[in-house]
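Undergrad: For the sequence shown, the positions run 816 to 1185 when the working numbering is used.
All C-beta atoms, glycine included, are put in the ideal place defined by N, C-alpha and C.
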Amino acid sequence: MRRSAPEPAPAPPPALSPTLRILLGLAAAVVVLVGLSLGREIVGPLVLGAVIVIICQPLAPLLRRKGWPRWAATTSVIVLGYLILAVLALMLAFAGVQFGRLVQDFASDLQQTALALVDWLRDLGIDDQIAAATASLLAPSTLLSIASSIGGGVLAALTAFFFVLAYVIFMAADASRYSRAESAFGAGIRPTVDRIASYNRSVRRYYVVNAAFGLVVAVIDGLALWALGIPAPLVWAILAFVTNFVPNIGFVLGLVPPAILALVVGGWPMMLVVVAIYCVVNVTLQVLIQPKFVSDAVNLSLTLSFFSVIFWTFIIGPLGAILSIPLTLLVRALLLEGDPGTHWLRWLSGDPDAAIPAGGPPTGIAKKKR
């Protein structure tokens, strides 16, 4: 009589229960996030430096293909990165100085507008304390403190970044060595290398597309404000360009200051015209057109994109709003994309490549779109 094959031994139970593993993971995440928050003055500039190098890195292989020596190509990446930082710093410094002068020049008009707003809110039956608190947002001291805190935070981060010049130089110099990782460790490291390369392409495409659309939005908004006679249209154009890098809520951040100034200069009709122009321009470009260009690069759900802005701003300060998407993509690449069992979490985060075909088992890491 034919003997039946022995049944396989049952798998040993996991050492930790799923609930305990989740609690330990959450505890470890809290420790890491607290450390990042305490070291925000270092973490923010370092992440910004990494993003700058990722954006500029394709210049090096391009120059090497043209016959440039390796050291010259690497130096060009470093120079381009610091040119970008210098332009950003000059733009922010110019906008901050001009905004301060504007608040001083229109201090009396702002005060009168605030008083008129209080009277209007009182006529609507709103409590005096609420009306006063709302009108206090137009106080020159409030506007100056907001501008100085935001501008000071960004400029402080940019200044700190220059103190880690050696880090940027070394990272740019090591980029060519990292590209030879597969030849050093074999084909087994290819999934990790592909994951890093995919992340770099996503970050690069995200910022390039945002910069292009931000420039278009800034030019249109600036010309519209100039035609309406709103003071300092160049300042508001710079603000529109910078806030375009803040997902979802950047449009509102760039709209509020020129709308308030339009209220002071031309009253409610002028303010409504400015709001209408911004809504038409930004909704058309940033909501209807721009997402089609960045969806392949980011693949994040709208909820996660919005939450990431608030979350990373809370963790590392003002730079977190601009770096929120790269940081969220990095967390997903490190924690989710290397584990086939987390395909459903990747799909919830907005990655369509993580979906499992109907009736098919998980196949590991889905192939990224090129």
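#1: Measure the C-alpha to C-alpha separation of Thr-1007 and Ala-987 and round it to an integer number of angstroms.
#2: State the CB to CB distance for the pair Ile-867 and Gly-896, rounded to an integer number of angstroms; the pair is presumed to be in contact (CB under 8 Å).
#3: So, Phe-1060 versus Asn-1025, is the Cβ gap smaller than 8 Å?
#4: How many Å lie between Thr-1058 and Val-1113 at the Cα?
#5: Check whether the region 1125-1132 touches the region 1067-1087, counting contact only when three or more Cβ pairs, one atom from each stretch, lie closer than 8 Å.
#6: Alpha carbon to alpha carbon, what distance is there between Ala-1052 and Val-1034?
#7: Taking all protein chains shown into account, do 16 or more other C-beta atoms lie within 10 angstroms of the C-beta of Leu-1134, making it buried, or fewer, making it exposed?
#8: Does the Cβ of Ala-1039 have 16 or more other Cβ atoms within 10 Å, making it buried, or fewer, making it exposed?
#9: On the DSSP letters alone, give me the boundaries of the alpha helix (DSSP H) that Leu-1047 sits inside.
#10: Thinking C-beta only, is Gln-1101 closer than 8 Å to Phe-1056?
#11: When the Cα of Leu-1160 is compared with those of Ser-1139, Ser-1116 and Ala-865, which residue comes out closest?
#12: Is there contact between the region 1143-1152 and the region 869-886, where contact requires at least three CB pairs shorter than 8 Å?
#13: Measuring only the C-alpha atoms, how far is Ala-1042 from Gln-872?
#14: CB Pro-1062 to CB Ser-1120, shorter than 8 Å?
#15: Spatial neighbours of Met-816 within its chain, please: CB distance less than 6 Å, with the 5 preceding and 5 following residues excluded, ordered by chain position.
#16: With DSSP collapsed to three states, give me the class of Val-1061.
TA: The short version:
#1: 20 Å
#2: 4 Å
#3: yes
#4: 18 Å
#5: no
#6: 6 Å
#7: buried
#8: buried
#9: The sequence shown places Ala at residue 1047, not Leu. From DSSP, Ala-1047 is part of no alpha helix (DSSP H); its letter is neither H nor E.
#10: no
#11: Ser-1116
#12: no
#13: 40 Å
#14: yes
#15: For Met-816, the pLDDT reaches just 47, beneath the cut-off of 50, and the residue's location in the model is therefore unreliable, although a value from the coordinates is still provided. Closer than 6 Å at Cβ, skipping near neighbours: no residue.
#16: coil
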